[in-house]
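Residues in the sequence shown are numbered consecutively from 128, following my numbering.
From the three backbone atoms N, C-alpha and C, an ideal C-beta is built for every residue, glycine too.
Before any comments, here is the structure.
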Amino acid sequence: MQLKRILKLFSSKSVMGAFVFAISLWIYVSLSIEYVISTEVPLLIQLPSDRAIEVPPPETITIDVKGSGWHLFNFLFIGSSANCLINLEKTSIKDSIYEITRTDVLKGMQHLVNVQAIDAVVDDNKLRLITGKAGNFKIPVHSKVKINTKDGFALIGAIEINPDSVVISGNEKLASVFKEWESEEIVLDGIYQPLSLKIPLKSQFGNIVKLSTREIELNADVQQEAAITFVDVPISISEGKLPLNSYIEPKFLKVTVKGGINDVSNLSATHIKALIDIEKIQKDSTGIIIPNIILPKNLKVAAISPPYIFHRIRI
Numbered sequence: 128m129q130l131k132r133i134l135k136l137f138s139s140k141s142v143m144g145a146f147v148f149a150i151s152l153w154i155y156v157s158l159s160i161e162y163v164i165s166t167e168v169p170l171l172i173q174l175p176s177d178r179a180i181e182v183p184p185p186e187t188i189t190i191d192v193k194g195s196g197w198h199l200f201n202f203l204f205i206g207s208s209a210n211c212l213i214n215l216e217k218t219s220i221k222d223s224i225y226e227i228t229r230t231d232v233l234k235g236m237q238h239l240v241n242v243q244a245i246d247a248v249v250d251d252n253k254l255r256l257i258t259g260k261a262g263n264f265k266i267p268v269h270s271k272v273k274i275n276t277k278d279g280f281a282l283i284g285a286i287e288i289n290p291d292s293v294v295i296s297g298n299e300k301l302a303s304v305f306k307e308w309e310s311e312e313i314v315l316d317g318i319y320q321p322l323s324l325k326i327p328l329k330s331q332f333g334n335i336v337k338l339s340t341r342e343i344e345l346n347a348d349v350q351q352e353a354a355i356t357f358v359d360v361p362i363s364i365s366e367g368k369l370p371l372n373s374y375i376e377p378k379f380l381k382v383t384v385k386g387g388i389n390d391v392s393n394l395s396a397t398h399i400k401a402l403i404d405i406e407k408i409q410k411d412s413t414g415i416i417i418p419n420i421i422l423p424k425n426l427k428v429a430a431i432s433p434p435y436i437f438h439r440i441r442i
C-alpha cells in the first residue's frame with residue numbers, strides 16, 4: 128500500500144517536472160563551468176618555395192584547450208575547423224632540421240571559437256621538421272583501369288589518357304625516386320559503348336609530394352565486333368622485283384579481317400596489302416613463304432587462305 132503511494136507520488140506531474148528541472152539545472156551549471164581538455168587538431172605546414180618535406184611530420188598535434196562546457200561541447204562535436212598552421216613561407220631555412228617550438232604551435236592555432244589553446248604536447252618542447260631542397264620532375268602516368276567489354280564487343284585500340292604525364296613537386300631526394308605515377312585501380316565490367324570518364328590518381332604519397340593534377344581523363348573506344356572477307360587480294364613484292372626465273376602461286380589471297388563495326392564498315396579492298404619482301408624470296412630454300420598482311424590501324428587478320436604461297440624457280 129505504501130509502495131503504491133510512493134509510485135503515485137513520483138508519477139505526479141509536479142514531481143516529474145521538478146525532477147526534469149533539477150536535471151536541466153545540473154546540466155546547465157555543469158556546462159557553464161570552465162574545463163581543460165586535450166584534443167588533436169590537424170597540423171599544417173607551409174614551407175618556402177625552395178624547401179620541401181623530407182620526413183613527413185605528424186598529421187595532427189595534441190593541444191590543451193580551455194573553455195566552458197558549452198563551448199567545448201561545440202568545439203568537439205558540432206564541427207570545428209580548428210587547425211595549427213605553421214607558416215614558414217617567408218622564413219629562410221638553411222639547415223635540414225628546423226625546430227618548431229611549443230610557442231610556435233600555440234601561435235599557429237586557427238579557428239578557435241570561444242575556446243583558448245593553453246598548451247601543446249610537444250616532445251622536449253620542440254617539433255623537429257626535416258626538410259631538403261625542393262625539385263620538380265615530369266613523369267609518365269600509368270593507367271590502372273581495366274575494361275571488360277560485353278560479349279560481342281571489343282576495346283578498339285589503346286586506352287587514351289590525358290594528361291599522360293604529371294609534374295611532381297617535393298623534396299628533391301624523394302621526388303626523383305618516382306619513375307611513374309599510377310591511377311587508382313578501377314575495373315569496368317559490361318562495357319558496350321565508347322566511354323570517357325575522370326580517374327583519380329593515387330594519393331598515398333600526398334604528404335611527401337604534390338602533383339600538378341589529381342585526376343586524368345580516360346577515353347576508350349568500344350565497338351561491336353565485326354568481320355569481313357575480301358577475295359582476290361593481290362600479292363605484291365616489296366623492296367624489289369621478282370627475279371625473272373622465279374614465280375609465286377597463287378597470286379591472290381582471300382583475307383578475313385576483324386575489328387570494330389565502325390572500322391570494318393569503312394574498309395575496302397584497297398586498304399589491304401599482301402606483301403612479300405624480296406629478301407625473303409632471295410633467301411628462300413623451302414619454296415614456302417608466308418606473306419605479310421598490312422591493315423589499317425585497329426584491325427586484325429582473322430584468316431588468310433591459303434595461309435602461305437609457293438615460291439618456284441624455273442629451270
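- Message: Just to confirm, is the Cβ distance from residue 418 to residue 401 under 8 Å?
- Response: yes
- Expressed to the nearest angstrom, what Euclidean distance is found between the alpha-carbon atoms of residue 439 and residue 368? 15 Å
- Task: Give me the Cα-Cα distance between residue 259 and residue 221, rounded to the nearest whole angstrom.
- Result: If you draw a straight line from the Cα of residue 259 to the Cα of residue 221, it is about 9 Å long.
- By how many angstroms is the C-alpha of residue 296 removed from the C-alpha of residue 330? Cα to Cα, the separation comes out at about 14 Å.
- What are the partner residues of residue 288, as DSSP defines its beta bridges? According to DSSP, which records beta bridges pairwise, residue 288 is partnered with 345.
- Identity of the residues DSSP links to residue 222 by a beta bridge: Note: residue 222 sits in no beta bridge, so no partner.
- Would you mind giving the Cβ-Cβ distance between residue 416 and residue 431, rounded to the nearest angstrom? I have them listed as a contact below 8 Å. The Cβ separation is near 12 Å, so there is no contact.
- Message: Please return the same chain residues whose Cβ sits closer than 8 Å to the Cβ of residue 299, not counting the five positions on each side in sequence.
- Response: 179, 259, 260, 261, 262
- Message: Let's test the definition: count the other Cβ atoms within 10 Å of the Cβ of residue 152 and tell me whether it reaches 16, buried, or not, exposed.
- Response: The pLDDT assigned to residue 152 is 48, lower than 50, so where the model puts this residue is not dependable; a value taken from the coordinates is nonetheless given after this. Exposed is the call here.
- Answer with buried or exposed for residue 281, where buried requires no fewer than 16 other C-beta atoms within 10 angstroms of its C-beta. buried
- Tell me, to the nearest whole angstrom, how far the beta carbon of residue 386 is from that of residue 425; I am working on the premise that it is less than 8 Å. 6 Å
- Report back the beta-carbon spacing between residue 256 and residue 227 to the nearest angstrom; my notes put them in contact at under 8 Å. 6 Å
- Message: Which complete alpha helix (DSSP H) runs does the segment 259-316 hold, if anything under 4 residues is left out?
- Response: 299-302
- Task: With DSSP as the reference, label residue 214 as helix, strand or coil.
- Result: strand
- Query: For residue 273, which option in 243, 306, 232, 326 has the closest C-alpha, if you only look at C-alpha atoms?
  - Reply: 326
- Residue environment, residue 320, which counts as buried when at least 16 other CB atoms sit within 10 Å: By the neighbour-count criterion, in which a residue is buried when 16 or more other Cβ atoms sit within 10 angstroms of its Cβ, residue 320 is exposed.
- Message: Please report the distance separating the alpha-carbon of residue 198 from that of residue 240.
- Response: Approximately 8 Å, taken between the alpha carbons.
- Message: Give the list of continuous beta strand (DSSP E) stretches no shorter than 3 residues that lie fully inside the segment 340-401.
- Response: 342-365, 373-376, 379-387
- Message: Helix, strand or coil, according to DSSP, for residue 174 in the structure here?
- Response: Coil, per DSSP.
- Which of helix, strand or coil DSSP assigns to residue 242: DSSP places residue 242 in coil when its eight states are reduced to three.
- In whole angstroms, what is the alpha-carbon distance linking residue 343 and residue 200? 42 Å
- Query: Assuming residue 164 contacts residue 244 under a Cβ cut-off of 8 Å, what Cβ separation, rounded to an integer in Å, is found between them?
  - Reply: Rounded to whole angstroms, the Cβ separation of residue 164 and residue 244 is 11 Å, and the two are not in contact under 8 Å.
- Item | Residue from 338, 379, 246 whose Cα sits closest to the Cα of residue 192 | 246
- Message: By the DSSP assignment, the beta strand (DSSP E) with residue 189 in it spans what residues?
- Response: 187-195
- Thinking C-beta only, is residue 335 closer than 8 Å to residue 183? yes
- Query: Helix, strand or coil for residue 407 per DSSP?
  - Reply: helix
- Query: Between the C-alpha atoms of residue 248 and residue 172, what's the straight-line distance to the nearest angstrom?
  - Reply: 17 Å
- Task: Take the Cβ of residue 304 as the centre, count every other Cβ of all protein chains shown within 10 Å, and call the residue buried at 16 or more, exposed below.
- Result: Exposed, since its Cβ has fewer than 16 Cβ neighbours within 10 Å.
- Task: Compute the beta-carbon to beta-carbon distance between residue 293 and residue 338, rounded to the nearest angstrom, for a pair I have assumed lies under 8 Å.
- Result: 5 Å
- Task: From the DSSP output, in three-state form, read off residue 255 for me.
- Result: strand
- Message: Under DSSP, the beta strand (DSSP E) around residue 439 begins and ends at which residues?
- Response: 436-440
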